[in-house]
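Just remember that this note's numbering sits 1036 ahead of the position in the sequence shown, which is counted from 1.
In what follows, a structure is listed as structure tokens, so that the remarks can point back to it.
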Amino acid sequence: MSGESVVTRDLALTSCINACTSLNYYALLIIIVQYSSAFGASSMESGIAAGLYVLGGIASKLLFGRYIELFGRKRTLVTAISVGLGVSLLYLFVTSMPALYAVRLVHGLSYGIVGVCTCDIAAKLVPRKNKGEGLGYYYLSSTISTALGPFIGLTLGRTGDYGLVFLAGTALHAISLALALMVRVEEESLSQDQAREVKGFGLRSMVQASAVPLGLTSMVFYLSYSGVLSFISSYSTEIGVAEAAAYFYLAVSAGTLVSRLTSGKRYDLHGANRVMIPGFVSFMAGMLVFSQTSDSAIFLCTGFFIGYGSSIVYAICLTIVLSKSPEHKYGVTTSTFSMLSDTGTGLGPSIMGAVVALVGYRDMYIFGICVCAVSLAMYLCFHGIREARNKQTRQGDMG
């Protein structure tokens, strides 16, 4: 790690901002359905309240991700966090489901932009030669949030006083805003042609074409992974390991943590194939055992391998597309990729739910492995085979 430093003050601040806003997202996600019941909401209405946040995030990435470099990375980040701070306070004054729907949608819009901004800034701060390692450290902020966010929501909301959860979310946004004001990041100077392209309303200005192939790869993968997320409670009860299920996400987080700390540097040194293929294999092997076991210890061990593989697919695919993107297009590149991945996460529960109704849980997870295999094939077609050929060509030239 000679030369430029990978972990800097501003990368650490940016990661903390992402951690704070993500903690709020996961804390609210775990309690929003129960909170909706206070207004007499049906299960479908409660689901809408939960889903509007995700919908808002997807919409913001599609509509506003391209403007980040035009308006300025820091200015956009501060504005989005300020909106999130205001909306976090509004939860305390919601008195009806329509009002909750509006708050959730706007909150999702702000969260989507914050996520794109922080990733954009992190990509700008990390040297290109260390892109995998540096972004791997940044992604740790999401790993921590995935583990601690639900814990915060459950702990503060266990008495039914969800105001404590909303106040915690407001505090997290206030901390994020303070940190955002301290971040230093180089802004882009767009040429007239670049600015004109950003301001256009064509598909080209809203979507970065180079991010689409691996974005679709990630989308298909998360169709499979969402089956684990959505049905683990019911599945664990059916196979008699319900008590172990409470610790499953700790095992997933442990696997994710290990991959975040190791996979980025391997990517920088050896290329994507040396990381992605083992990641896919780890996930599919974990899913296979997960689908067949009824032993609590083995059930928990599969969580490690599932978490290890799932974190690699998203992080390395995004790192690849960012490494190929012009710096003035980091925002739209990140938003295009994450929007496609989020679509997979959003559609997955419905698709896998239909499969469960037809074949049951165990065969649904086998189906999920097949979907993951499709994602692996897509990765090889879009990037892996070309990388292997380029490596062989370089080795031949050296020989």
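Heads up, the beta-carbon is just placed ideally off N, CA and C, and yes, glycines get one too.
Only a predicted model underlies this, so the values are computations on that prediction, with no experimental measurement involved.
- CB of G1367 within 7 angstroms of CB of G1120, strictly: Position 331 of the sequence shown, counting from 1, holds the residue named residue 1367. Position 84 of the sequence shown, counting from 1, holds the residue named residue 1120. It is not a contact, given that the beta carbons lie outside the stated cut-off.
- G1039 to I1180 span [Cα, whole Å]: In the sequence shown, residue 1039 corresponds to position 3, counting from 1. In the sequence shown, residue 1180 corresponds to position 144, counting from 1. Low local confidence applies: a pLDDT of 47 at G1039 is under 50, so the model's placement there is unreliable, with the coordinate-based value given in what follows. If I take the Cα positions, the gap works out to 29 angstroms.
- Query: Excluding the five sequence neighbours on either side, which residues of its own chain have a C-beta within less than 7 angstroms of the C-beta of L1184, listed in chain order?
  - Reply: Here residue 1184 refers to the residue found at position 148 of the sequence shown. Answer for L1184: L1059, listed in chain order.
- Message: For A1255 and A1135, what's the separation of their Cα atoms in angstroms?
- Response: Residue mapping note: residue 1255 aligns to position 219 of the sequence shown, counting from 1. Residue mapping note: residue 1135 aligns to position 99 of the sequence shown, counting from 1. Contrary to the premise, residue 1255 reads as Met rather than Ala in this sequence. Each residue's Cα considered, the two are about 31 angstroms apart.
- Give a yes or no on whether the C-beta atoms belonging to V1325 and F1257 are separated by under 7 angstroms. Within the sequence shown, numbered from 1, the residue matching residue 1325 stands at position 289. Within the sequence shown, numbered from 1, the residue matching residue 1257 stands at position 221. Cβ distance not < 7 angstroms, so V1325 and F1257 don't count as in contact.
- Task: Can you tell me which of the three DSSP states Y1198 falls into?
- Result: Position 162 of the sequence shown, counted from the start, is the residue given in the question as residue 1198. When secondary structure is reduced to three states using DSSP, Y1198 falls in the coil class, being assigned neither helix nor strand.
- Item | For V1264, the three-state DSSP class (helix, strand or coil) | Indexing the sequence shown from 1 puts residue 1264 at position 228. Looking at V1264 - three-state DSSP - the assignment turns out to be helix.
- Message: Quick check on DSSP: helix, strand or coil for L1331?
- Response: Here the question's residue 1331 lines up with position 295 in the sequence shown. Checking the sequence, you will find Asp at residue 1331 rather than Leu. Coil at D1331, not helix or strand.
- With 16 other CB atoms within 10 Å as the buried threshold, where does R1045 fall? Locating residue 1045 in the sequence shown gives position 9, where the first residue counts as 1. Exposed: under 16 other Cβ atoms inside 10 Å.
- Query: Which class does M1388 belong to by DSSP, given the choice of helix, strand or coil?
  - Reply: Reading the sequence shown from its first residue, position 352 is the one you call residue 1388. Here M1388 carries a helix assignment [DSSP, helix/strand/coil].
- Message: Could you tell me the alpha carbon to alpha carbon distance between I1117 and H1209, rounded to whole angstroms?
- Response: In the sequence shown, residue 1117 corresponds to position 81, counting from 1. In the sequence shown, residue 1209 corresponds to position 173, counting from 1. Looking at the two C-alpha atoms, the distance is approximately 7 angstroms.
- Item | Residue from I1084, T1050, S1361 whose Cα sits closest to the Cα of S1178 | The count along the sequence shown starts at 1 and reaches residue 1178 at position 142. Among I1084, T1050, S1361, the Cα nearest to that of S1178 belongs to T1050.
- Note the first and the last residue of the continuous alpha helix (DSSP H) segment covering F1284. In the sequence shown, the residue the question calls residue 1284 occupies position 248. Where F1284 is concerned, the enclosing alpha helix (DSSP H) stretches over 1284-1306.
- Query: Who are the Cβ neighbours of I1405 in its own chain at under 8 angstroms, not counting the five residues just before and after it?
  - Reply: The residue given as residue 1405 occupies position 369 in the sequence shown. Closer than 8 angstroms at the Cβ level, and outside the excluded window around I1405, lie S1260, M1320, M1323, L1324, S1327.
- Message: Runs of 4 residues minimum, wholly inside the region 1361-1414: which ones carry the alpha helix (DSSP H) assignment?
- Response: 1366-1395
- Since V1114 contacts A1216 with CB under 8 angstroms, what's their CB separation in whole angstroms? The sequence position of residue 1114 within the sequence shown is 78, counting from 1. The sequence position of residue 1216 within the sequence shown is 180, counting from 1. Going by Cβ atoms, the distance from V1114 to A1216 rounds to 5 angstroms, so yes, they are a contact pair.
- For V1042 versus E1169, is the C-beta distance shorter than 7 angstroms? Position 6 of the sequence shown, counted from the start, is the residue given in the question as residue 1042. Position 133 of the sequence shown, counted from the start, is the residue given in the question as residue 1169. Yes, the pair counts as a contact, with Cβ atoms nearer than the cut-off.
- Query: CA-CA distance, V1152 and I1094?
  - Reply: On the sequence shown, position 116 is the one that residue 1152 refers to. On the sequence shown, position 58 is the one that residue 1094 refers to. A direct Cα-to-Cα measurement between V1152 and I1094 gives close to 11 angstroms.
- Apply the 10 Å Cβ neighbour rule to M1414 and answer buried if 16 or more other Cβ atoms are within range, or exposed otherwise. Reading the sequence shown from its first residue, position 378 is the one you call residue 1414. It is buried - the Cβ of M1414 has at least 16 other Cβ atoms within 10 Å.
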